[in-house]
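Under our numbering, residues 14 to 1012 are what the sequence shown spells out, in order. Cβ coordinates follow ideal geometry from the N, Cα and C atoms, glycine included.
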Amino acid sequence: MSKRRAPLDDFSELRSKVEKLLEKNHINSPNLSSSSLEMLQLQQALEVHQMEIEILKKELVQTKDELEKSRQRFIVDIADLKNAGETTNKAKDLNKTIIDSIPGPFYIIDTKGFYAGWNAYDRDVIAGKPESEMATMQVIETAHPEDRALIQEKVASVFEHGIDESVEGRILLRGGPEFRWFVMNARRVIIDGNPFLIGIGTDITTRKKIEDVLLFLSHTSYVSQDEPFFNTLARYLAECLDLDYACINLLEGDGLKARTLAFWCDDHFGENEEYILKDTPCGDVVREDICCFPADVSQTFPQDQLLKDLQAQSYVGVTLRDHSGNPIGLIAVIGRRPIVDQKMAEAILKMVSVRAAGELERLLSEEALRESEKKYRELFERVPIGLYKITLDGKIISANQGCLDLSRCPASEINAWFEQDTTKFYVHPEDSVRLRELILKHGYVNNFEAEFLRMDGTIAWLSNTAKFVRGENGDPDFIAGSLIDVTKRKQAEDELKKLSVAITQSPAVVLITDPEGNIEYVNPAFSMMTGYSIEEVKGKNPSILQSGLMPQDVHKNLWDTILSGDIWHGEMHNRKKNGNHYWTQAVVSPIRDEQGKITNFVAVNEDISEKKILWNDLVEAKEKAEESDRLKSAFLANISHEIRTPMNGILGFSELLKDANLSGEEQREYIDLIQQSGERMLNLINDLIDISRIDAKEIALHISEIPVNRIMYDLYAFFKPAAEIKGLCLNYSDGLPDSESFIETDGKKLEQILTNLVHNAIKFTDEGRIHIGYERKDDMLEFFVSDSGIGIPQAMKESVFDRFRQVNSSLSRNHEGAGLGLSISKGFVELLGGRIWVESAHGGGARFMFTLPYNSSGSDKKLQPDADPAIPQSPVSEPGLTILIAEDDEISCILLKIFLKTDNVTLLSAGNGKEAVEMVALHPEIDIVFMDIKMPVMNGYDATILIKQMRPELPVIIQTAFASADERNKAGEAGCDGFISKPVKKNEILALIQSQLKR
14 MSKRRAPLDD FSELRSKVEK LLEKNHINSP NLSSSSLEML QLQQALEVHQ MEIEILKKEL
74 VQTKDELEKS RQRFIVDIAD LKNAGETTNK AKDLNKTIID SIPGPFYIID TKGFYAGWNA
134 YDRDVIAGKP ESEMATMQVI ETAHPEDRAL IQEKVASVFE HGIDESVEGR ILLRGGPEFR
194 WFVMNARRVI IDGNPFLIGI GTDITTRKKI EDVLLFLSHT SYVSQDEPFF NTLARYLAEC
254 LDLDYACINL LEGDGLKART LAFWCDDHFG ENEEYILKDT PCGDVVREDI CCFPADVSQT
314 FPQDQLLKDL QAQSYVGVTL RDHSGNPIGL IAVIGRRPIV DQKMAEAILK MVSVRAAGEL
374 ERLLSEEALR ESEKKYRELF ERVPIGLYKI TLDGKIISAN QGCLDLSRCP ASEINAWFEQ
434 DTTKFYVHPE DSVRLRELIL KHGYVNNFEA EFLRMDGTIA WLSNTAKFVR GENGDPDFIA
494 GSLIDVTKRK QAEDELKKLS VAITQSPAVV LITDPEGNIE YVNPAFSMMT GYSIEEVKGK
554 NPSILQSGLM PQDVHKNLWD TILSGDIWHG EMHNRKKNGN HYWTQAVVSP IRDEQGKITN
614 FVAVNEDISE KKILWNDLVE AKEKAEESDR LKSAFLANIS HEIRTPMNGI LGFSELLKDA
674 NLSGEEQREY IDLIQQSGER MLNLINDLID ISRIDAKEIA LHISEIPVNR IMYDLYAFFK
734 PAAEIKGLCL NYSDGLPDSE SFIETDGKKL EQILTNLVHN AIKFTDEGRI HIGYERKDDM
794 LEFFVSDSGI GIPQAMKESV FDRFRQVNSS LSRNHEGAGL GLSISKGFVE LLGGRIWVES
854 AHGGGARFMF TLPYNSSGSD KKLQPDADPA IPQSPVSEPG LTILIAEDDE ISCILLKIFL
914 KTDNVTLLSA GNGKEAVEMV ALHPEIDIVF MDIKMPVMNG YDATILIKQM RPELPVIIQT
974 AFASADERNK AGEAGCDGFI SKPVKKNEIL ALIQSQLKR
């Protein structure tokens, strides 16, 4: 495989490629001024910089993807080596050597998080513990405190689900505070029946640093920062490289000296200064583009006094070049301790140098532009106004340079210009006639404005002030005057007219007041928004719009801000003329005269009422999302407890049953406890399945006529012993006579609803009573279960029916349960055509009620006594029965064989669907097939189809762990004759076999 070029190896090559690409997209105009060319070059440099950043990002993403692929291959190789290492001692030694040579942490932990295995890196670099202490240490202790929760969550997920996980986090080195970033990959393995977690880490500190630099560069703008860009950059580089000093320097004096633009000194900015580059590491940087002295830099440059003053040990620097490749500055980062990762430091400086060079070049261009503007302003200020003398009939006598400038007269035509008749300068000759008439009539004229035609063909507005100058005899001798170019003012007046039209027609509300806040002007949009006309509000204070719902502090802050000369931004809740309220986004700013005195205030308002509604909706949605996330976390903690607790009973007492010295009574007790734990877990799984079926609308209703009184009595009889054990008084009441208590509904669902409610009542009631019953209300039956327990807070009366919701979801709660019972009950009640609700007060007990349609046929009926339960018989009464068990799970297969093992039964087994089909073909004596749905090679559905094609009359019974409606339909389509859900019971299996054999 060819080695891909590192993305940061050659920035000059990258810049060159980008610039060539841009040259194809730009057309240089020969008529551009030097200033325009400078601006174009500046824009091109910034575009080069942006494209460089984008290319770098793409290469970094590719590098990251390759790293992830290599890491996954490495984990698989290690796992393979681990398996192979269990065969021989030689392989074990090889594994140990390989694991210790891994350039990162490799560890094995038990379910409590303690080290069960480790490599040299984990022991020496991360833990920093001797070999004898490693087994007493938990892996999570090496994680950064801020990352421990996430890592623990991933570890728990791997142990619980057995699915590989990876997580990025900071790992402390020898207890901290120094840390490095790692991506940790984990896999669960089973060793001697016990789960362990194998983890391997890859150091991604460099990648994280580069990602952070890219993020910094993409989010940092020169013009939008609260502080200068180079200050931000200097401080960031010192923090990023974990060094003490950082400076950005401008080269001066043909590159022989430098001036600092920003100098970060440990925790503050130092004074900028100039220094000679000779005999300094900065001089080497300018010559070599990038230099790094990871240690002993002061000894390397003994004549550099600044390094000694800074107690410098390390130095890294990079040259900043303009778009032509010329050095214009440099970046230097200095530390009082050595640089640990030289390559990373150099890579980071190379990355930021592209952006910094562009910003520095832009800064230099701006300084040059400002200097040019300064000179232009000084020149403009020195230009005198036009002064002239003309004869009474308009012949030029004399004129200064100002007049020549105003007329745009070239030097070669000055003599011809003086011979001109001034009447030819006017765009409209009648203006010249009118000017002389005014002067003759009044002896003078002030600010006579007219359009003049310049010699270059352009037109300018000039303001003419002139008067007669009389001779010694008192008669008018000539006219003297001055000319001022008022073209810009006239243009501004035109712009003002346009602006006035724009304000008048603007959809935004514009309001202008005097310094005291009295309204002087409002545009038509104001009237449309508020309903007030200009006549109604002129001279009044804007307070007439106040709704009274805004805090007075807001209005005070507004006036304090604008009176101080600042601009106020904010939202206002106002009231229209018709009394309706609305929200506006307002910007209020002062208007000053030439002396800086505030003359007016102008407010621009936008109606944001709809935006406020949308914002409130978003806030509400955010709160709901946060609540949902909290419920999910609580549920995960709760469900983990609810699964692990019965599993603890099952595994624990199963382990105890291995003791050969147990008495028969002890064995029966342990078996009962195992069965109780199994039933508890099965109930939890059934609840989860019911919830999923309710969501998927897969609940099938089995409507039949059922006796409500019988159900109520059976419920009472079932829970009475449990209530008495807690010292509770349990009673019930029938709402109808037996003959009228028959309704058509799903009896099993009704029993499950009542069972959930009564079970909760007993669970949450420590003393007092529990009352169950029902009564008829019109065409509905209203059932109730009331208790004197802990009750439900008012705020939770609606949400208590939400799934996973519990009154107390903390880890210290006194009651087991996943919080699904009420949610399931609500789903069933609504499916049966009723509704459910609760009346309660915290600490005052609770009364749960639900309704079902009363749809009795009305005929008198009597309750029939319960039939005696059928006693399961042997599968057959005659020998020769052959049963095929198709099951890939060994334990399930063994259990079925035990259930079916008798003298007259021959049992065959197949590990997958394909084997089952082959067994049926080879053994025509097979009488019945038990077929698991999910098996390797071929599933149960496909196997059943093939079997039915060979022997249509052969009974096939499908067994599955999740009997959904979809699975039942598929089983029927495949030709299955029976359906049974795991966990299977012996009585059910024997009864199902008997029913199939009787067919």
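Item                                                                                                                          : Value
Beta bridge counterpart(s) of His-594 as assigned by DSSP                                                                     : Arg-588
Supposed close pair Leu-743, Tyr-729 - CB separation, criterion 8 Å                                                           : 7 Å
Cβ neighbours of Gln-324 in the same chain (closer than 6 Å, five flanking residues each side left out)                       : Arg-349
C-beta atoms of Asn-262 and Gly-342 nearer than 8 Å                                                                           : yes
Range of the contiguous beta strand (DSSP E) that encloses Arg-860                                                            : 859–866
Residues that DSSP places opposite Leu-343 in a beta bridge                                                                   : Asn-262 and Thr-332
Simplified DSSP state of Cys-577, which is helix, strand or coil                                                              : In the sequence on display, residue 577 carries Ser and not Cys. Coil.
6 Å CB neighbourhood of Glu-265 in its chain, flanking five on each side removed                                              : Arg-272
Proximity of Ile-128 and Met-147 at Cβ, strictly below 8 Å                                                                    : A small fix is needed here, since residue 128 is Tyr in this sequence, not Ile. Taking 8 Å as the Cβ cut-off, Tyr-128 and Met-147 qualify as a contacting pair.
Euclidean distance between Cα positions of Ala-358 and Arg-368                                                                : 16 Å
Cβ-based burial, Glu-928 [other Cβ within 10 Å; buried from 16]                                                               : buried
Nearest neighbour of Glu-154, chosen from Leu-1010, Gly-677 and Gly-188 [CA to CA]                                            : Gly-188
Spatial distance of Glu-1001 from Gln-151 (CA atoms)                                                                          : 48 Å
Cβ-Cβ separation, Asn-536 to Val-523 (assumed contact under 8 Å), whole Å                                                     : 5 Å
Contact under 8 Å by Cβ, Val-365 with Val-226                                                                                 : yes
Glu-737 versus His-784: straight-line alpha-carbon distance, rounded                                                          : 14 Å
Limits of the alpha helix (DSSP H) - the one that Val-933 falls within                                                        : 926–935
Counterpart residues of Lys-2 in DSSP-defined beta bridges                                                                    : No statement about residue 2 is possible, as the shown extent of the chain runs from 14 to 1012 and does not include it.
DSSP bridge partner residues for Met-793 (one or two, in chain order)                                                         : Lys-790 and Pro-866
Glu-633 versus Ile-704: straight-line alpha-carbon distance, rounded                                                          : 26 Å
Contact between the region 987–995 and the region 962–973 (3+ Cβ pairs under 8 Å)                                             : yes
Inter-residue Cα distance where the pair is Thr-919 and Asp-955                                                               : 25 Å
Where Asp-198 sits in the DSSP three-state scheme                                                                             : Note that residue 198 is Asn in the sequence shown here, rather than Asp. Looking at Asn-198 - three-state DSSP - the assignment turns out to be strand.
Residues near Leu-274 in its chain [Cβ-Cβ closer than 6 Å; skip 5 each side]                                                  : Phe-243, Ile-261 and Leu-263
Supposed contact pair Glu-780 and Tyr-787 - C-beta distance, whole angstroms, cut 8 Å                                         : The pair is not a contact, with the Cβ atoms about 25 Å apart (cut-off 8 Å).
Distance, Asp-507 Cα to Val-514 Cα                                                                                            : 11 Å
Span separating the alpha-carbon of Asn-198 from that of Val-171                                                              : 10 Å
Neighbour-count burial assignment, Lys-142, 16 or more Cβ in a 10 Å radius                                                    : buried
Residue ranges of each alpha helix (DSSP H) within the region 681–739, 4 or longer                                            : 721–738
Assigned secondary structure, Tyr-642 (DSSP; H/G/I helix, E/B strand, else coil)                                              : Position check: residue 642 holds Asp in this sequence, whereas Tyr was assumed. The answer is helix: DSSP assigns Asp-642 an H, G or I state.
Three-state secondary structure assigned by DSSP to Lys-999                                                                   : helix
Alpha-carbon to alpha-carbon, Val-299 and Gly-371                                                                             : 17 Å
Where Phe-209 sits in the DSSP three-state scheme                                                                             : strand
Chain-order list of residues whose beta-carbon lies under 8 Å from that of Thr-471 (same chain, five-residue window excluded) : Arg-421
Met-944, enclosing beta strand (DSSP E) - first and last residue                                                              : 941–945
Validate contact between the region 588–605 and the region 555–574 using beta carbons, cut 8 Å, 3 pairs                       : yes
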